[in-house]
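J.: One structure coming up, written as structure tokens, with questions to follow.
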Amino acid sequence: MKKLGLLFVCMMLFTVSSCTSISTEPPNVQVTAQHKKAETRKGGYEWSYWLFSRTSVVADASSQWTETMHRLSIDPGQKATVSFSNRSHPKFSAHLYNQYRKGSALPVHKNTITLPTKPGIYVILIQAHWRSGKSDYAFSVNVDK
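Here is the structure:
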């Protein structure tokens, strides 16, 4: 009887471990505006995952994480669509990112961000929140005249 119980426990552990996908970091983000995909970067994040114990990871981004990004050229006032690699729908906010700090908030509705209307170069900061943690992402746009 003990052998049968042990076999059952082993089978359950194998089933759980093979069927469960445990993510050790936040998903990647994809941003599209005017049918063009923006280059995005993952910044700092805090993420927890579970497998027999709870583990937290905290990762910081360097202060220059947005300086070399390719800028997406767009028309004024366009909307950017945001999606995540794990197909989740976290709560997120978007802000202009100025000189290494969060600036003015941009309007967000469901999975879209309304981008600036004034011509110029902007770095957009996305801050997403899941039950497992949170992550910062950035992309850059050049709003044409």
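Heads up: the sequence shown is residues -21 to -1, 1 to 124, going by mature numbering (1 follows the signal peptide of the UniProt record, and there is no 0).
We treat Cβ as the ideally placed atom computed from N, Cα and C, and that holds for glycine.
If you're wondering where the values come from, they're calculated on a predicted model, not measured in any experiment.
1) Within 9 Å (strictly less), CB to CB, does Thr45 reach chain E?
2) Tell me, please, whether the region 81 to 99 touches the region 22 to 29 by the rule of three or more beta-carbon pairs shorter than 8 Å.
3) Whose C-alpha, out of Val8, Ser64, Glu18, Gly22, is nearest the C-alpha of Arg50?
4) Consult DSSP for Leu51 and reduce its assignment to one of helix, strand or coil.
5) What span of residues does the beta strand (DSSP E) with Lys15 cover, start to end?
6) Report the partner residues of Gly112 according to the DSSP bridge assignment.
7) Hey, how far is the Cα of Ala107 from the Cα of Lys124?
8) Would you mind stating whether Val122 and Pro95 have Cβ atoms separated by less than 9 Å?
T.: Judging by the given coordinates:
1) Among the protein chains of the structure shown there is no chain E, as only one such chain exists.
2) Short answer: they don't touch.
3) Glu18
4) strand
5) 15 to 17
6) Its beta-bridge partners are Trp26, Trp109.
7) 30 Å
8) Contact: yes.
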